[in-house]
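Here is the structure we will look at, set down as structure tokens.
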Amino acid sequence: MTFNYNLTLRPYGDTPDSGIVRIDTEKRYGYWEHRNGSEGGGLWFEQPTGRPLELVDYDGHYVLPAPVVRALLAAGVVIEPEFFPESFKI
109 MTFNYNLTLR
119 PYGDTPDSGI
129 VRIDTEKRYG
139 YWEHRNGSEG
149 GGLWFEQPTG
159 RPLELVDYDG
169 HYVLPAPVVR
179 ALLAAGVVIE
189 PEFFPESFKI
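Anchor point for the sequence shown: position 12 equals 120 in the working numbering, and the numbering is continuous, going up by one each time.
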């Protein structure tokens, strides 16, 4: 399957060596990287008609890093609190 990543987020700042989040909004799949650019994991979304993307699953790490969660929220992605890191503050 080929993905067309049409949404790119920079949770660790806008530098070439920082990790990114990329999402194919049509196929409802994305991935995230660690701060140093190394592989993080996958992101799976649902999008009910007329509603924003909603994170429904992820892999690669036991807990999503707070900067990744913040970047997704800032982009309008709905995230249930169960995906928030412990003691996460928006």
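Quick reminder that beta carbons are idealized off the backbone N, C-alpha and C, glycines included.
Boundaries of the beta strand (DSSP E) in which residue i is found, first to last residue
i    : result
R130 : V129 to D132
L115 : L115 to L117
Inter-residue Cα distance where the pair is residue i and residue j
i    : j    : result
P189 : T110 : 31 Å
Those residues which DSSP pairs with residue i across a bridge
i    : result
V186 : E162
F153 : L163
G138 : I131 and L151
Check whether residue i and residue j have beta carbons under 7 Å apart
i    : j    : result
P119 : P175 : yes
R130 : T116 : yes
G145 : G127 : yes
E154 : V186 : no
P193 : V171 : yes
Proximity test, residue i beta-carbon vs the ligand ATP heavy atom, cut-off 6 Å
i    : result
Y137 : Absent from the structure shown: the ligand ATP. Ligands present: none.
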